[in-house]
Amino acid sequence: MTLWAAQARTAKFVGRQIRHKWIVDKETKKSKWYIGTVIDVVSGKDGDPQAVHEVLYKGEDNPYEVDGLQRDLDEGSLKFVDI
Numbered sequence: 286m287t288l289w290a291a292q293a294r295t296a297k298f299v300g301r302q303i304r305h306k307w308i309v310d311k312e313t314k315k316s317k318w319y320i321g322t323v324i325d326v327v328s329g330k331d332g333d334p335q336a337v338h339e340v341l342y343k344g345e346d347n348p349y350e351v352d353g354l355q356r357d358l359d360e361g362s363l364k365f366v367d368i
């Protein structure tokens, strides 16, 4: 893959509303989709695969630090709601 192709596939997350699939039971591999808003970057740069983002999920009072959003988007376990 060329550098240009890798950069073209990265997305910006801050300010975006997402649906994010989490495994809620590792033994049965049961999963659940959660809606949240990406509110900030904790480390790295927005769009970098290694970046850690702060996500406030619907119904929660405090945000979570989440890594791998780009990977989850590429694998289909994260979708943008606001498009």
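Using my numbering, the final residue of the sequence shown is 368, and nothing's skipped along the way.
Glycine included, C-beta positions come from ideal geometry on N, C-alpha and C.
Check	Outcome
Rounded straight-line distance, which links the Cα of E312 to that of V340	25 angstroms
Nearest candidate by alpha-carbon position, reference L321, set G361, P348, E360, Q355	According to the sequence shown, residue 321 is Gly rather than Leu. When each option's Cα is compared against that of G321, the closest is P348.
Three-state secondary structure (DSSP) of G300	coil
Closest residue to E345 among V309, Y319, D367, A296 (Cα-Cα distance)	Y319
Beta-carbon spacing of H305, L363 below 7 angstroms	yes
Same chain, Cβ closer than 7 angstroms to D331, neighbours up to 5 away in sequence not counted	K297, F298, V299
Nonlocal neighbours in the same chain, by C-beta distance under 8 angstroms from K315, ignoring five residues either side	I308, V309
Nearest-angstrom Cα separation, counted from Y342 out to L288	Here L288 scores only 44 on pLDDT, less than 50, and its place in the model is too uncertain to base an answer on.
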